[in-house]
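In my numbering, the protein residues as written are 14 to 351.
First comes the structure, then the notes that go with it.
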Ligand SMILES: C[S@@+](CC[C@H](N)C(=O)[O-])C[C@H]1O[C@@H](n2cnc3c(N)ncnc32)[C@H](O)[C@@H]1O
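Right under this line is the structure:
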C-alpha cells in the first residue's frame, strides 16, 4: 500500500519550481543585496532592477521556504541565506548555484532522451565530456572549479576527522585541481608531504590559488600529468575526490587499477564521492546525483558502494571501509596490505 498522497505527488512533479525560486534569488543577487540589511519590496525592485509584478509573491515564497524573514514590511536574509546564498557568506555556494542553474537545469530537460538513447544530446554532442578543452576556456574553468570547491569545502572538516592522517607521511590528491581540499587537510596535518596531481594545464590555476591561500598552503607541490597515461607518484595515501564519477565504468576500473601500484604497502586509496549506499539517508539524493552525472557526461554516472568495492578488490586492494561524511558524501578507504 503506497504511503504517497496527491499533495506529495504534486510537490514531486513540480519540485523544479522550488529549485528555480532559490536559483533565481541567487542569480539576481537578492541574497547578497539583503546581506547589507533588510529592505522593502519597492527598495529591492529599485536596487535590483526588478518589476513589481512578480516580486511580491516571489519574496513571500522565499519567506515561506524559510530563506528570507519578514518584519515591519521589510525582507531580510534568514541565517541559512546569509551563510550559503549571499556572496559575503562564510560558506557561499555561489559556484554550485551557478552550475545548477546554468548547466544542470537545462540538462535535466533531456532526461527522456537519456532514458531512450543512453546518451543525453548535449553531452553526446560535446564529444568526450566536461574536461575536453576545459582549461582553454576561462569561463568554464571558473564555473567548474568554483562549483567543485563549493561542494568540497563543507565536507573538509568531516574529512579531516574521518581518517587517521597522523599515521601516514605522504599524500597525492589525484584530480586535486587548484589544491583547495588538500591545502586545508595539510593545514590540519602539517607533517604530510602533500602533492596535487592534475592535468598540466591546471598549474597556473594552482599557483594562483596557493598564492591566495597564503604561506600555510604554499608547501603543497603540483605534479602535472594525465592519470590515465602518466606515472602516478608513489605515496602512503592517494585521494580521488569527485574525480571518478565522470568516467565510464571501464575507465573507473582502469583508473583504480592504475592507483594500486602507486600506494605504498600499508597505505590506502581514499575516495570521496556521493556513493550510492542503500539504507543511508543519502540514498535517494545520491541516485539523483548519479543520474545527473549521466546527463552531464556520455559515460559517467554514480556508483553503488557494492560496485565500487568490487572494482577496488579487482584492482588489488584489501579491506574496503565506508564512512559517511557530511553533505551526502562518503569516504571510501581501500587499504593496501602492508
Ligand atoms: C570534478 S574536478 C574535482 C576537483 C577536486 N578534486 C574537488 O573535489 O574539488 C575533477 C578534476 O580532475 C582533473 N582531471 C580530469 N581528467 C584528468 C586526467 N586525465 N588526469 C589528471 N587529472 C584529471 C580535472 O582537471 C579536475 O581538476
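All residues carry an ideal CB built from backbone N, CA and C; glycine is no exception.
In the DSSP assignment, residue 113 falls outside any alpha helix (DSSP H) and carries neither an H nor an E. Around the Cβ of residue 287, a 10 Å sphere holds 16 or more other Cβ atoms; the residue is buried. Straight through space, the alpha carbons of residue 301 and residue 341 are spaced by roughly 12 Å.
Collapsing the DSSP output to three states places residue 335 in a strand. The beta strand (DSSP E) runs lying completely inside the segment 273-341 and spanning 3 residues or more are 276-286 and 333-337, given in chain order.
Counting only heavy atoms of ligand 1, the residues whose C-beta sits closer than 6 Å to one of them are, along the chain, 144, 161, 162, 165, 188, 189, 190, 194, 211, 212, 215, 239, 240, 241, 254, 255 and 256. Residue pairing by DSSP places residue 237 opposite 211 in a beta bridge. The shortest C-alpha to C-alpha distance from residue 47 to any of 83, 89 and 22 is the one to 89.
Contact between the segment 203-223 and the segment 266-279 is not established, with fewer than three Cβ pairs separated by less than 8 Å.
Around residue 336, the same chain offers 175 and 344 as residues with beta carbons nearer than 6 Å, after the five sequence neighbours per side are excluded.
Residue 111 is positioned such that its CB atom lies no closer than 8 Å to that of residue 157. By the CB criterion at 8 Å, residue 195 and residue 186 fall inside the cutoff. Note on geometry: alpha-carbon atoms of residue 79 and residue 91 lie some 7 Å from one another. For residue 123, no beta strand (DSSP E) run applies, since DSSP gives it neither H nor E. Per DSSP, reduced to three states, the secondary structure at residue 351 is coil, with no helix or strand assignment.
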